[in-house]
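Please read the structure below before turning to the comments.
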Amino acid sequence: MAKKKIGAGKIGCIVVVLVFLVLAIGLYRAFTTQKSLPEEFVLKIDVYGDIKETTDVGFSLPFERESQELSLQDILFLLDQAGEDERIKSVLLDIRGVRTGSAKIQQIQRAIEQTRKTGKPVNAFLGSASDADVWLASACDSIVAERGNFLLLDGLKAELLFYTGTLEKLGVSFQAAQWSAWKSGVEPFTRAGASPEYREQVEMMLDAVYDAYTGYVAKRRGIPVEEYESIIDEKTVLSAKQAKEFGIVDEISGHWEYLEGLKKTFGKGDGERSDEDVLVSGARYKASIPWPFEPETKENIAVITASGSIVRLEDDMTGGTEQGFDEETLRSSVQAALDDESVKAIVLRIDSPGGDALASSNMLQILDSAKVKKPIVASMSGVAASGGYMIALAADSIFAEPLTVTGSIGVYALKPEISALQEKIGLNREVVIKGKNADGFTVFKPLDEEGMAKFMETTGWIYDDFLAKVARSRKMTLNEVEAVAGGRVWTGDLAVKKGLVDRIGGLQDALFAARAMAEMDSAKVPGLKLYPEPQGLMEYLFGGGPGITARMLGEQIPSGSVADRSLQTLDLLLKLEQQPGGMFRMTMLPYDLRVE
Numbered sequence: 006m007a008k009k010k011i012g013a014g015k016i017g018c019i020v021v022v023l024v025f026l027v028l029a030i031g032l033y034r035a036f037t038t039q040k041s042l043p044e045e046f047v048l049k050i051d052v053y054g055d056i057k058e059t060t061d062v063g064f065s066l067p068f069e070r071e072s073q074e075l076s077l078q079d080i081l082f083l084l085d086q087a088g089e090d091e092r093i094k095s096v097l098l099d100i101r102g103v104r105t106g107s108a109k110i111q112q113i114q115r116a117i118e119q120t121r122k123t124g125k126p127v128n129a130f131l132g133s134a135s136d137a138d139v140w141l142a143s144a145c146d147s148i149v150a151e152r153g154n155f156l157l158l159d160g161l162k163a164e165l166l167f168y169t170g171t172l173e174k175l176g177v178s179f180q181a182a183q184w185s186a187w188k189s190g191v192e193p194f195t196r197a198g199a200s201p202e203y204r205e206q207v208e209m210m211l212d213a214v215y216d217a218y219t220g221y222v223a224k225r226r227g228i229p230v231e232e233y234e235s236i237i238d239e240k241t242v243l244s245a246k247q248a249k250e251f252g253i254v255d256e257i258s259g260h261w262e263y264l265e266g267l268k269k270t271f272g273k274g275d276g277e278r279s280d281e282d283v284l285v286s287g288a289r290y291k292a293s294i295p296w297p298f299e300p301e302t303k304e305n306i307a308v309i310t311a312s313g314s315i316v317r318l319e320d321d322m323t324g325g326t327e328q329g330f331d332e333e334t335l336r337s338s339v340q341a342a343l344d345d346e347s348v349k350a351i352v353l354r355i356d357s358p359g360g361d362a363l364a365s366s367n368m369l370q371i372l373d374s375a376k377v378k379k380p381i382v383a384s385m386s387g388v389a390a391s392g393g394y395m396i397a398l399a400a401d402s403i404f405a406e407p408l409t410v411t412g413s414i415g416v417y418a419l420k421p422e423i424s425a426l427q428e429k430i431g432l433n434r435e436v437v438i439k440g441k442n443a444d445g446f447t448v449f450k451p452l453d454e455e456g457m458a459k460f461m462e463t464t465g466w467i468y469d470d471f472l473a474k475v476a477r478s479r480k481m482t483l484n485e486v487e488a489v490a491g492g493r494v495w496t497g498d499l500a501v502k503k504g505l506v507d508r509i510g511g512l513q514d515a516l517f518a519a520r521a522m523a524e525m526d527s528a529k530v531p532g533l534k535l536y537p538e539p540q541g542l543m544e545y546l547f548g549g550g551p552g553i554t555a556r557m558l559g560e561q562i563p564s565g566s567v568a569d570r571s572l573q574t575l576d577l578l579l580k581l582e583q584q585p586g587g588m589f590r591m592t593m594l595p596y597d598l599r600v601e
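Residues 6 to 601 (the working numbering) are what the sequence shown spells out, left to right.
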């Protein structure tokens with residue numbers, strides 16, 4: 006007996022019913038979650054891994070949001086709310102394996118300090134801890150180390166990988182246009198080791214981070230700096246007991262034991278309240294309140310976050326595990342903020358090492374046009390360098406963290422050459438040309454003297470344009486810009502002194518400045534509209550694109566690992582293959598510094 010086929014109409018009806026059921030369940034869970042917070046509780050915030058600037062804007066159901074990892078902005082807003090919400094009696098930071106930029110650690114520390122000023126205790130629990138974990142935890146009222154675990158305090162390092170020798174074994178080499186010696190992004194592909202300029206910059210950044218780290222821990226824990234540095238150099242690995250003896254932690258406890266103690270303390274001593282009645286996770290709390298806070302006026306500030314490498318199109322692979330930020334995403338976010346009459350000002354939040362030179366320039370044009378209609382304030386997070394610095398030039402005022410990695414005003418371009426690979430694999434090539442230089446920029450041979458001159462010249466045009474943009478925005482002469490450009494990288498503190506940034510401050514400072522520029526009522530807290538907006542259900546069901554597979558692969562690889570950097574190298578080669586003449590021009594920071 007022949008089976009009946011299901012018609013397209015029936016399939017459509019089934020899809021509609023399923024979507025309706027999913028939405029109904031999601032709305033029900035979202036509504037019940039908002040009503041489920043206990044009258045008093047401990048807010049438990051898990052802090053670990055490479056803390057992203059914002060939560061993924063992909064579609065998620067309301068009941069899935071409780072399991073999402075917290076972003077930096079989530080943590081900052083949660084700590085801000087904790088100081089105001091009377092139901093929250095204490096905050097617990099469960100810190101395990103933080104691997105993120107030093108400027109992000111400082112931002113969380115400052116938020117912790119603000120919460121403590123309201124009278125709310127903030128405590129830290131450390132599992133297997135590293136330098137970054139101890140640095141962050143030192144901002145808290147007390148630190149508890151896990152019994153039986155250890156602290157690895159081995160200091161900081163910057164690891165630089167050079168692929169030149171490896172690629173040469175495959176028959177691949179590169180020619181580079183570098184503006185100038187400090188723009189070291191080409192070095193992993195053109196040198197066997199770091200140039201003096203490259204090493205000088207890395208050492209300068211490492212010194213600044215190390216001094217900030219050891220100085221902060223020593224001050225907060227009441228340990229002389231020299232003694233703490235000696236612990237790092239001589240002890241390195243400490244048991245929980247040793248950490249307490251040195252004054253690095255206050256208590257020792259098992260994880261379960263510690264949570265049970267909180268349950269008894271905040272459970273009115275009867276021990277009958279469940280964990281969920283005493284401990285509320287940051288994700289659950291976020292899903293249960295108006296996010297990020299309840300506004301006191303109908304006026305809003307738009308916060309547009311530019312996070313990740315800057316790319317031309319959404320589905321460009323961005324190198325390794327990090328998703329990129331593309332022109333269309335910025336354009337649509339800016340347009341939404343401009344069209345919304347309730348939005349009175351824009352805060353451009355930047356956590357980007359830069360990327361495609363033309364995309365960065367186009368984004369600056371979009372923001373320059375928007376600034377004519379509404380004030381823009383730039384807030385630099387962990388990194389806002391190269392193309393990430395370029396887009397900040399549109400702002401009326403630029404804020405940076407003391408250890409924000411910024412500057413890197415420069416350009417580099419790479420031209421691959423695979424004649425040795427061609428010979429190794431026995432690939433025969435015949436070319437018929439019309440025009441003297443039709444085959445001059447092929448990947449199958451190196452550039453000749455004339456071709457190299459053109460290569461350098463065109464890259465120089467981009468660099469000169471970058472300098473002019475900085476000079477115009479920062480009201481500096483070209484000579485003054487050149488003195489701080491050439492690819493040099495600065496901390497936020499130094500960038501202020503060099504005139505590249507206006508002032509030191511975080512996201513909250515930028516929001517206050519935007520409020521003042523827009524002449525909003527200073528007595529009332531405005532609402533925030535966060536962009537890019539999360540993906541909708543229809544986009545999730547019927548959207549997608551060729552970049553999804555690459556991103557799914559990338560999500561399985563730790564950011565900053567050797568595998569991640571290898572993916573970045575492979576990705577760069579794929580990009581170069583798609584460019585005219587195999588050349589790719591970047592305004593991008595060549596490295597990432599993080600405390601581990």
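Beta carbons are placed, not taken as given, at the ideal position from N, Cα and C, and that holds for glycine.
query                                                                                                           : result
Supposed close pair I100, V52 - CB separation, criterion 8 Å                                                    : 5 Å
Helix, strand or coil at K125 according to DSSP, with G and I counted as helix                                  : coil
Contact the stretch 220-236 vs the stretch 116-125: 3+ CB pairs below 8 Å                                       : no
Residues near G465 in its chain [Cβ-Cβ closer than 7 Å; skip 5 each side]                                       : W184
Cα-Cα separation between K349 and A476, rounded to whole angstroms                                              : 28 Å
Element boundaries [alpha helix (DSSP H), containing L172]                                                      : T169 to L175
Start-to-end residues for the alpha helix (DSSP H) that takes in L211                                           : P201 to R226
Sub-8 Å separation of K49 and I93 beta-carbons                                                                  : no
Enclosing alpha helix (DSSP H) for R520 [first to last residue]                                                 : L512 to M522
Beta-carbon spacing of A418, F446 below 8 Å                                                                     : no
Per-residue DSSP class, three states only, for E256                                                             : strand
W184, enclosing alpha helix (DSSP H) - first and last residue                                                   : Per DSSP, W184 belongs to no alpha helix (DSSP H); it is in the beta strand (DSSP E), S178 to W184.
Reference Q370, options L516, K474, W140 and P193, closest by Cα                                                : K474
For Y468, the nearest candidate out of A163, L335, S391 and F130 (CA to CA)                                     : S391
According to DSSP, residues forming a beta bridge with M461                                                     : Bridge partners of M461: none, in fact.
Exposed unless 16 or more other CB atoms sit within 10 angstroms - verdict on T482                              : exposed
V494 in three-state terms, based on DSSP                                                                        : strand
Secondary structure of S107, DSSP reduced to three states                                                       : helix
For A142, the three-state DSSP class (helix, strand or coil)                                                    : helix
Counted within 10 angstroms of its Cβ, other Cβ atoms place Q340 as buried (16 or more) or exposed              : exposed
Burial state of M593, where buried means 16 or more other Cβ atoms lie within 10 Å                              : buried
Contacting residues, own chain, Cβ-Cβ under 6 Å from D498 (five flanking each side not counted)                 : P407
Which residues DSSP lists as bridging T411, in chain order                                                      : A389 and W495
For A134: DSSP bridge partner residues                                                                          : L156
DSSP-derived helix/strand/coil call for D320                                                                    : Here the model assigns D320 a pLDDT of 48, short of 50, so the residue's position is not dependable and the matter cannot be decided.
Beta-ladder partner(s) of E304, from DSSP                                                                       : E304 pairs with nothing; no bridge assigned.
Secondary structure of F36, DSSP reduced to three states                                                        : Residue placement at F36 cannot be trusted, given a pLDDT of 49 that sits under 50; the coordinates are not used to answer.
Stretch pair the stretch 196-211 + the stretch 434-444: three plus CB contacts closer than 8 Å                  : no
For K162, the first and last residue of its enclosing alpha helix (DSSP H)                                      : K162 -> no alpha helix (DSSP H), and no H or E assigned at all.
Of the listed residues G170, E538 and S402, nearest to I509 (C-alpha basis)                                     : S402
Opposing strand residues paired with Y536 [DSSP bridges]                                                        : I309
Validate contact between the stretch 129-136 and the stretch 163-179 using beta carbons, cut 8 Å, 3 pairs       : no
Spatial neighbours of W296 in its chain, beta-carbon cut-off 8 Å, leaving aside the 5 residues before and after : F82
Inter-residue spacing [alpha-carbon to alpha-carbon] between A248 and D255                                      : 9 Å
According to DSSP, residues forming a beta bridge with K439                                                     : Answer is none; K439 lacks a bridge partner.
Rounded separation between M368 and S478 - CA only                                                              : 15 Å
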